[in-house]
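If you want my numbering, it's the 1-based position in the sequence shown plus 60. Glycine included, C-beta positions come from ideal geometry on N, C-alpha and C. First comes the structure, then the notes that go with it.
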Amino acid sequence: MVGGGQLARMTHEAGIPLGIKFKLLSDTPQDSAAQVVSEVVIGDYRDLDTLRDFARGCDVITFDHEHVPAEHLKTLEADGVVVRPGLDALVHAQDKGVMRAKLDEIGAPSPRHRIVADPADAAAFAAEVGGFPIILKTVRGGYDGKGVWFVRSEEDARDPFLAGVAVLAEEKVEYVRELAANIVRSPHGQAVAYPVVESQQVDGVCDTVIAPAPGLSEELSGQAQELALRIGRELGVVGHLAVELFETTDGRILVNELAMRPHNSGHWTQDGAITSQFANHVRAVLDLPLGDPRPRATWTVMCNVLGGDYPDMYTAYLHCMARDPQLKIHMYGKDVKPGRKVGHVNTYGDDLDDVLERARHAAGYLRGTIVE
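Rendered as structure tokens:
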């Protein structure tokens, strides 16, 4: 696996019961996954020679991020390395402009959009879609709200163009909430779909995920799952695919983003599904039969634990574990920094209000924003 973050750490954990030999390319020995994987190569994924050396002896290469340069992936594939997802699929998660063009081609519903050249062109786009505000995104490199701007005027539109990469303009969608449809697809075309979830954001970062999305009609849920499965098939995705969606005020779903790796909106599956997203990603990239994605409980809630001003979160375990013996805590081994994702908690049960309260209390107590 290329990338040493928490997604690699949890994917490695899912492979242990299967006896999978897991090799990691990590930036530093302190990275989340590098702390727990036995075979770690420290190196820069942007260096082609490092990637080629790392790939020797691997049956398959997969990723915990989308940032490996496309030309390097093309070289690995030419070398005969099995890369999953392959470049032809992964480019749609690497480049938002390419993604939007492909989604248009296959008829997937999206916000109105186009690439814009400068602030004046952004203002012209705004006029085309009914005026400001609009959303501007750099086509590459953004995540967790980075590389995304809420733009209210032409003057406001200058910063996105300073990054030196193409800028995608999108209409500001009037939406009820954000949803995510997670699917997993194997090389021979087997695919499974998890329940559609509600994803709640705070300052552009995922805060809470509720599985399944409360009050979502069977019709819209089915549409979202079918859309995600179709996107996975049309793009040739192998492994986990997260399709982030808007549920609009007029009852439609629109595609917001794609991720071709385990995803924050699927962390609930560790404790709330028969087969987790991580276990199914491992199965998919190794072309093993996929596991059952159905939920184990009526409701599962995931809350991210963000770093705050409370550096010693481990003393909070006593309170959280004693208060809620069913609580599942997943920490990533990261240094605590304000706003940084350092872990998550999962709760489950039959009463949604109770499950939500338990998850939010635990995440808040671990962060230090709740002290009783």
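Please say whether SER213 and PHE192 have beta carbons closer to each other than 8 Å?
A contact, by the Cβ cut-off of 8 Å.
Short Cβ contact (8 Å threshold) for ILE194 with LYS162
Not in contact: ILE194 and LYS162 (Cβ atoms no closer than 8 Å).
With DSSP as the reference, please indicate the residues paired to GLN261 in a beta bridge.
CYS266, per the DSSP bridge assignment.
DSSP three-state label for MET70, please.
The answer is helix: DSSP assigns MET70 an H, G or I state.
Which ranges would you report for the alpha helix (DSSP H) in the stretch 277 to 310 if only whole runs of at least 4 residues count?
Qualifying alpha helix (DSSP H) stretches, in chain order: 278 to 295.
Apart from the five residues on each side of it in sequence, which residues of its chain come closer than 7 Å, Cβ to Cβ, to HIS132?
The residues are LEU108 and LEU111.
Contact between the stretch 69 to 84 and the stretch 92 to 109: three or more CB pairs below 8 Å?
Under the Cβ criterion (8 Å, minimum of three pairs), the stretch 69 to 84 counts as touching the stretch 92 to 109.
Hey, would you say MET70 sits closer than 8 Å to PRO349, going by beta carbons?
For MET70 and PRO349, no; Cβs fall outside 8 Å.
Would you please state the rounded distance, in angstroms, between the beta carbons of ARG356 and ALA333? I believe it to be under 8 Å.
Yes, ARG356 and ALA333 are in contact; Cβ-Cβ is about 6 Å, under 8 Å.
Taking the straight line between their C-alpha atoms, what separation do you get for LEU416 and LEU387?
LEU416 and LEU387: Cα-Cα distance of roughly 12 Å.
Endpoints, the beta strand (DSSP E) within which VAL236 is located:
Run containing VAL236: 235 to 245, per the beta strand (DSSP E) assignment.
Identify whether ILE166 lies in helix, strand or coil by the three-state DSSP scheme.
Annotated three-state conformation of ILE166 is helix, per DSSP.
Boundaries (first-last residue) of the alpha helix (DSSP H) holding HIS132
From DSSP, the alpha helix (DSSP H) with HIS132 extends over 130 to 138.
Beta-carbon gap between PRO145 and VAL298 smaller than 8 Å:
Closer than 8 Å, so yes.
Would CYS363 pass as a contact of HIS300 if the rule is Cβ separation under 8 Å?
Cβ atoms of CYS363 and HIS300: not closer than 8 Å.
Shortest alpha-carbon distance to ARG420 belongs to which of GLY207, ASP148, GLN260 and LYS197?
That would be GLN260, whose Cα lies nearest to the Cα of ARG420.
Could you give the distance in angstroms between the alpha-carbon of HIS341 and the alpha-carbon of VAL244?
When only Cα atoms are considered, HIS341 and VAL244 end up about 7 Å apart.
Local conformation of PHE474 per DSSP, three classes
Look at the range of the chain in this structure, 61 to 432, and you will see that residue 474 is not part of it.
Kindly indicate which residue of VAL151, HIS125 and CYS118 has the alpha-carbon position closest to the one of LYS134.
In terms of CA proximity to LYS134, VAL151 leads the group VAL151, HIS125 and CYS118.
Decide if VAL236 is buried, meaning its Cβ has at least 16 other Cβ atoms within 10 Å, or exposed.
Label assigned to VAL236: exposed.
Starting from VAL100, trace the beta strand (DSSP E) both ways and give me its first and last residue.
Where VAL100 is concerned, the enclosing beta strand (DSSP E) stretches over 99 to 102.
In three-state DSSP terms, what is ILE334?
For ILE334, the three-state secondary structure derived from DSSP is coil.
CB ALA217 to CB PRO179, shorter than 8 Å?
Less than 8 Å divides the Cβ of ALA217 from the Cβ of PRO179.
Contact check, CYS380 vs TYR408, beta carbons under 8 Å
Not a contact, by the Cβ cut-off of 8 Å.
Are there 16 or more other CB atoms within 10 angstroms of the CB of ASP263, so buried, or fewer, so exposed?
The residue is exposed, with fewer than 16 neighbouring Cβ atoms inside 10 Å.
Cα-Cα separation, GLU215 to VAL208
The alpha-carbon separation between GLU215 and VAL208 amounts to approximately 16 Å.
One question on the structure: do ALA74 and ALA284 come within less than 8 Å of each other, judged by their Cβ atoms?
The criterion of a C-beta distance shorter than 8 Å is not satisfied by ALA74 and ALA284.
Please name the residue, chosen from LEU147, ILE166, VAL62 and GLY103, that lies closest to CYS118 on a Cα-to-Cα basis.
The shortest C-alpha to C-alpha distance from CYS118 to any of LEU147, ILE166, VAL62 and GLY103 is the one to VAL62.
Hey, quick one: how far does the beta strand (DSSP E) through TYR408 stretch, first residue to last?
Here the beta strand (DSSP E) through TYR408 covers 401 to 409.
Can HIS404 be considered in contact with the ligand SAM, in the sense that its beta carbon sits closer than 7 Å to one or more heavy atoms?
You won't find the ligand SAM in this model; it holds no ligand whatsoever.
Compare the beta carbon distance of VAL315 and ALA184 with 8 Å and say whether it is the shorter of the two.
ALA184 sits away from VAL315, with the two beta carbons spaced by 8 Å or more.
Considering only the beta carbon of each residue, do LEU239 and ALA187 sit closer than 8 Å?
Cβ distance not < 8 Å, so LEU239 and ALA187 don't count as in contact.
Where does ALA319 land, buried or exposed, given buried means 16+ other C-beta within 10 angstroms?
In the assembly as shown, ALA319 is a buried residue. Its beta-carbon has 16 or more other beta-carbons within 10 Å.
Alpha-carbon to alpha-carbon, GLU432 and VAL345
In a straight line, the C-alpha of VAL345 is about 44 Å away from that of GLU432.
Of the residues ALA93, HIS72 and PRO77, the one placed nearest VAL402, counting alpha carbons only:
For VAL402, the closest of ALA93, HIS72 and PRO77 by C-alpha to C-alpha distance is ALA93.
Between GLU278 and VAL256, what straight-line distance do the alpha-carbon atoms span, to the nearest angstrom?
Distance between the alpha carbons of GLU278 and VAL256: 10 Å.
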